[in-house]
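Peer 1:
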Amino acid sequence: MEIRILLSEFYNRRPEWAVIDTLVIHSMFNPFSEDLKYDPVANKELLDQYKVSAHYLIDREGVVWKLVDEGKRAWHAGVSKMPHSGRVDVNSFSIGIELLGSKEDELTQRQYQSLVILCKDIFTRYPIKNIVGHKDIAPERKDDPWNFNWRSFFNLAIEKGINLEGVYISELEEI
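Counted the way my numbering counts, the sequence shown spans residues 13 to 187.
#1: Would you please state the rounded distance, in angstroms, between the beta carbons of ALA162 and LYS115? I believe it to be under 8 Å.
#2: DSSP has THR34 in a bridge; who is on the other side?
#3: Would you mind working out which of LYS63, GLU177, LEU79, LYS132 sits nearest ARG16, comparing C-alpha positions?
#4: Just to confirm my understanding: we take TYR23, look at its own chain, exclude 5 residues before and 5 after, and list those with CB closer than 7 Å. What are they?
#5: Nearest-angstrom Cα distance between THR120 and SER164?
#6: ALA89 and VAL31: beta carbons closer than 9 Å?
#7: Would you tell me roughly how many angstroms separate the C-alpha atoms of TYR180 and ASP133, rounded to the nearest one?
#8: Can you name the start and end residues of the beta strand (DSSP E) that TYR23 belongs to?
#9: Mind checking ASP47: buried by the 16 CB within 10 Å criterion, or exposed?
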């Protein structure tokens, strides 16, 4: 898997108590330019303008862009709460992954493939117990990831050998 570097300055240290156990899936696009709608650099700059970040961004071709080191606390979840446990401060115990996509356009197969490969890699480093969408942790404020097919993601993850037993997955509940 190719990972390109496009670092953000908008992050801080994770608290001492933090154990990374959650992946938060987001989607975004640049609404200010049709030509740059899905450009990774333009979208990262848009995140910068709002002083937010994610750990990774996956473009339409499936290229993974690293924005923040996993050991750092990216600012992707905002005011948020886990749907089944009620834990707050989701940024502290999660890794945020942005997919370039809009409400009108389906995500690409390359994006799903790269997302699953990235997740499999992350699973080797952390005891992931939750995979949720931004809308699950901030339903009053957010409605992404848009057009995300959780069942297809799940099936592809199983096909690629990710052990999802006991993992809470948005819209699928615990497997």
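Glycine is no exception: its CB is placed at the ideal position from the N, C-alpha and C atoms.
Being a predicted model, the structure only gives us computed values, none of them experimental.
Peer 2: Straight from the coordinates:
#1: Along the sequence shown, read from residue 1 onward, the residue named residue 162 stands at position 150. Along the sequence shown, read from residue 1 onward, the residue named residue 115 stands at position 103. According to the sequence displayed, residue 162 carries Trp and not Ala. Their Cβ separation, rounded to whole angstroms, is 17 Å, which puts TRP162 and LYS115 out of contact at 8 Å.
#2: Reading the sequence shown from its first residue, position 22 is the one you call residue 34. SER106, ASN142.
#3: Locating residue 16 in the sequence shown gives position 4, where the first residue counts as 1. Of the listed residues, the one whose Cα sits closest to ARG16 is LEU79.
#4: Your numbering for residue 23 matches position 11 in the sequence shown. Result list for TYR23: SER65, VAL80, LYS84, ARG85, ALA86, TRP87, in chain order.
#5: Numbered from its first residue, the sequence shown carries residue 120 at position 108. Numbered from its first residue, the sequence shown carries residue 164 at position 152. Each residue's Cα considered, the two are about 12 Å apart.
#6: Here the question's residue 89 lines up with position 77 in the sequence shown. Here the question's residue 31 lines up with position 19 in the sequence shown. Between ALA89 and VAL31, the C-beta spacing is not below 9 Å.
#7: Working through the sequence shown from its first residue, we reach residue 180 at position 168. Working through the sequence shown from its first residue, we reach residue 133 at position 121. A straight-line Cα-Cα distance of about 18 Å links TYR180 and ASP133.
#8: As a first step, residue 23 is located in the sequence shown; it is residue number 11 there, counting from the start. Run containing TYR23: 23-25, per the beta strand (DSSP E) assignment.
#9: The residue given as residue 47 occupies position 35 in the sequence shown. It counts as exposed.
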